[in-house]
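J.:
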Amino acid sequence: MIEVQTDLKLPTAEQLSAAFREARDKFLTEGGEQLRQAVERSIRTSGMTLRSGKIVAWQRLYRSKGYAAVRPISGETGANSPGAITNYLEGGHKIRGISGQAARYHPRIHVARVPGFRFYESARQDAQKIAADVAERISEAVAQKINNI
10 MIEVQTDLKL PTAEQLSAAF REARDKFLTE GGEQLRQAVE RSIRTSGMTL
60 RSGKIVAWQR LYRSKGYAAV RPISGETGAN SPGAITNYLE GGHKIRGISG
110 QAARYHPRIH VARVPGFRFY ESARQDAQKI AADVAERISE AVAQKINNI
């Protein structure tokens, strides 16, 4: 009979979860910052003629345990809040119709809706690449941490 002796040491659940949390926090923060930059780049290249930079300045990175998101600043509410204005620009909005009171009035605008700039939608492709990269980096970091235990 042949005996095989190994020094295989498996990590405990606490060690494994601690390694995952550490890697997740580090790489989600980095990935979130890349996502914020991608959204800002998309806003700048969307064709908007707003040159004040307010829309870009309103974008903030929001992080929780399992995700990172870029949204307009929160706090204010209503029709003229940063979130509402960003939504109007992203998806377009209706315009006021003509009153039809004057007999010779001809409207200058012949559309019922202003098209949106879709800057979040165009940043979505970058977001998917960033998410895949973050997931890969997290798994590599956890594997390396487990190998060092």
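In this note's numbering, the protein residues as written are 10 to 158. All C-beta atoms in this analysis are idealised placements derived from N, C-alpha and C, irrespective of residue type, glycine included. All of these numbers come straight from a predicted model, not from anything done at the bench.
Is DSSP giving Lys103 helix, strand or coil here?
T.: strand
J.: Provide the residue span of the beta strand (DSSP E) that contains Leu194, from first to last.
T.: The structure shown has nothing for residue 194, since the chain only spans 10 to 158.
J.: Below 8 Å on the Cβ atoms is my guess for Val123 versus Ile104; work out the distance and round it to an integer in Å.
T.: 6 Å
J.: Specify whether the region 22 to 42 and the region 53 to 69 touch according to this definition: at least 3 beta carbon pairs, one from each stretch, less than 8 Å apart.
T.: no
J.: Jot down the residue ranges of each uninterrupted alpha helix (DSSP H) in the region 28 to 78, minimum 4 residues, whole runs only, in chain order.
T.: 63 to 66
J.: Just to confirm before moving on: does the CB-CB distance between Gly125 and Glu99 stay below 8 Å?
T.: yes
J.: State the CB to CB distance for the pair Ile155 and Ala28, rounded to an integer number of angstroms; the pair is presumed to be in contact (CB under 8 Å).
T.: 6 Å
J.: For Arg117, which of helix, strand or coil comes out of DSSP?
T.: coil
J.: If you draw a straight line from the alpha carbon of Ile82 to that of Glu49, how long is it in whole angstroms?
T.: 14 Å
J.: Classify Ile147: buried if its beta carbon has 16 or more other beta carbons within 10 angstroms, exposed otherwise.
T.: buried
J.: To the nearest angstrom, report how far apart Ser90 and Ser73 are at their CA atoms.
T.: Each residue's Cα considered, the two are about 23 Å apart.
J.: With distance defined between alpha-carbon atoms, name the residue in Ala47, Pro20, Ser108, Thr21 nearest to Leu70.
T.: Ala47
J.: If I follow the unbroken alpha helix (DSSP H) through Ser108, where does it start and stop?
T.: Looking at the DSSP string, Ser108 is not in any alpha helix (DSSP H), and its letter there is neither H nor E.
J.: Among all the DSSP beta bridges, which residues are the ones paired with Arg122?
T.: Arg122 pairs with Lys103.
J.: For Lys154, is the beta carbon positioned less than 7 Å from some heavy atom of the ligand MG?
T.: In the structure on display, the ligand MG does not appear, and there are no ligands present to speak of.
J.: According to DSSP, is Pro91 part of a helix, a strand, or is it coil?
T.: Three-state result, Pro91: helix.
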